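Numbering (my numbering), first residue to last: 5 to 318.
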């Protein structure tokens with residue numbers, strides 16, 4: 005499909021992860037935006053029935069817009085199927101998707117590009133016993149989930165978090181990192197360009213968790229400060245680090261990297277990379293569309309750019 009020729013687009017949404025509801029919203033919004041741009045769009049609610057998905061993708065669309073989030077949709081699984089079917093798709097390929105979904109592996113790869121992360125350890129959920137794995141405060145998160153799903157901050161005076169609260173199986177791998185005081189920053193990358201730096205200021209509980217990102221009350225759960233009001237060296241550093249992470253992981257299309265900015269010590273403070281999202285949210289409250297809009301690109305134009313830059317590695 006050429007850039008001057010709108011074609012048949014299949015939008016994959018829903019899926020089987022903890023982020024299913026958000027994916028349904030992302031898919032619906034992206035499908036509407038692509039229709040506004042003149043594309044012939046179908047929407048596919050993805051389930052565990054891969055035969056049904058293959059049937060829904062027959063005859064082949066020109067491009068698949070992958071609006072899935074989380075496991076199976078963001079970790080290389082769906083990407084592998086689309087490679088076998090030889091259908092171009094948006095966002096990153098199999099390897100980059102798998103690497104970025106594994107938070108510890110992503111940190112290891114991104115470190116080769118000179119990007120600093122908190123020093124963490126990986127343990128099994130069953131190891132969260134009587135002894136703290138790190139000095140408090142620390143952060144516990146599943147190694148292979150997205151959008152702050154299951155993240156818990158353990159502070160001084162807290163009880164040890166019970167595994168049952170999070171639904172973790174004993175063998176679930178968890179990443180434990182020192183809690184970095186300060187502020188949360190995020191940067192979107194579009195192709196070979198970092199877009200902008202947003203500071204996310206959570207309200208209430210003070211933590212930008214999954215519900216704060218995606219609930220119906222998301223706009224009152226956190227304030228997005230765009231552009232982030234941080235020193236120029238931190239702003240430029242976050243832009244450079246997000247692009248370096250995007251390239252080191254082998255991402256394509258759109259990604260979004262999250263950081264902690266520790267401004268509690270001597271100026272200008274320190275920036276720490278947390279993770280890269282290869283399938284960032286595309287809802288009305290999402291950060292990538294917000295940053296694109298800040299630079300003058302409408303949501304339909306952003307979705308169309310993603311379609312026109314879709315690819316298939318095989």
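Heads up, the beta-carbon is just placed ideally off N, CA and C, and yes, glycines get one too.
Bear in mind that the values here come from a model prediction, so they are computed numbers and not experimental data.
In its own chain, which residues sit with a C-beta less than 8 Å from the C-beta of residue i, not counting the 5 before and 5 after it?
{"i": "residue 325", "result": "In the structure as shown, the chain begins at 5 and stops at 318. Residue 325 is therefore absent and cannot be evaluated."}
{"i": "residue 304", "result": "37, 38, 40, 41"}
{"i": "residue 99", "result": "80, 254"}
{"i": "residue 313", "result": "94, 195, 256, 257"}
{"i": "residue 65", "result": "11, 12, 13, 14, 46, 91"}
{"i": "residue 162", "result": "140"}
{"i": "residue 61", "result": "14, 48, 68, 89, 91"}
When DSSP labels each residue in this structure, what does residue i get in the three-state scheme?
{"i": "residue 67", "result": "strand"}
{"i": "residue 281", "result": "strand"}
{"i": "residue 47", "result": "strand"}
{"i": "residue 262", "result": "strand"}
{"i": "residue 18", "result": "strand"}
{"i": "residue 297", "result": "helix"}
{"i": "residue 311", "result": "helix"}
{"i": "residue 139", "result": "coil"}
{"i": "residue 304", "result": "helix"}
{"i": "residue 223", "result": "The predicted position of residue 223 is uncertain, since its pLDDT is 49 and thus under 50; a value taken from the coordinates is nonetheless stated next. Helix at residue 223."}
{"i": "residue 98", "result": "helix"}
{"i": "residue 58", "result": "helix"}
Could you please give the first and the last residue of the uninterrupted alpha helix (DSSP H) stretch that includes residue i?
{"i": "residue 238", "result": "236-253"}
{"i": "residue 179", "result": "Where residue 179 is concerned, there is no enclosing alpha helix (DSSP H), although the beta strand (DSSP E) it sits in stretches over 177-182."}
{"i": "residue 113", "result": "107-115"}
{"i": "residue 27", "result": "24-40"}
{"i": "residue 203", "result": "Element bounds for residue 203: not the alpha helix (DSSP H) but the beta strand (DSSP E), 197-206."}
{"i": "residue 91", "result": "Residue 91 -> no alpha helix (DSSP H), and no H or E assigned at all."}
Looking at C-alpha atoms only, which residue of the options is the closest neighbour of residue i?
{"i": "residue 287", "options": "14, 22, 24, 34", "result": "34"}
{"i": "residue 245", "options": "46, 116, 140", "result": "116"}
{"i": "residue 307", "options": "32, 233, 63, 147", "result": "32"}
{"i": "residue 26", "options": "299, 302, 283", "result": "283"}
{"i": "residue 281", "options": "290, 275, 274", "result": "290"}
{"i": "residue 89", "options": "58, 301, 262, 177", "result": "58"}
{"i": "residue 187", "options": "274, 302, 97", "result": "274"}
{"i": "residue 127", "options": "269, 148, 30", "result": "148"}
{"i": "residue 101", "options": "121, 120, 276, 70", "result": "70"}
Tell me which same chain residues have a C-beta within less than 6 Å of the C-beta of residue i, skipping the five on either side of it?
{"i": "residue 143", "result": "157, 181, 183"}
{"i": "residue 75", "result": "21"}
{"i": "residue 215", "result": "Confidence at residue 215 is low in this model, with a pLDDT of 49, below 50, so the placement of that residue should be treated as unreliable; the coordinate-derived value is given next. Here the set comprises nothing."}
{"i": "residue 136", "result": "none"}
{"i": "residue 192", "result": "199, 260, 292, 295"}
{"i": "residue 77", "result": "19"}
Mind reading off the beta-carbon distance from residue i to residue j? Whole number of angstroms is fine, and I expect it under 8 Å.
{"i": "residue 189", "j": "residue 294", "result": "Not confirmed; about 14 Å, so no contact."}
{"i": "residue 317", "j": "residue 23", "result": "Residue 317 to residue 23, Cβ: 25 Å. No contact."}
{"i": "residue 205", "j": "residue 226", "result": "6 Å"}
{"i": "residue 107", "j": "residue 279", "result": "5 Å"}
{"i": "residue 85", "j": "residue 17", "result": "The pair is not a contact, with the Cβ atoms about 15 Å apart (cut-off 8 Å)."}
Please check if any C-beta of chain C sits within less than 8 Å of the C-beta of residue i.
{"i": "residue 174", "result": "Reference to chain C is not applicable here, since this structure consists of a single protein chain."}
With a CB to CB cut of under 7 Å and the five nearest residues on each side skipped, what residues in its chain are close to residue i?
{"i": "residue 113", "result": "103, 252, 253"}
{"i": "residue 237", "result": "272"}
In the DSSP assignment, find the unbroken beta strand (DSSP E) run with residue i in it and report its ends.
{"i": "residue 194", "result": "187-194"}
{"i": "residue 158", "result": "156-158"}
{"i": "residue 126", "result": "125-128"}
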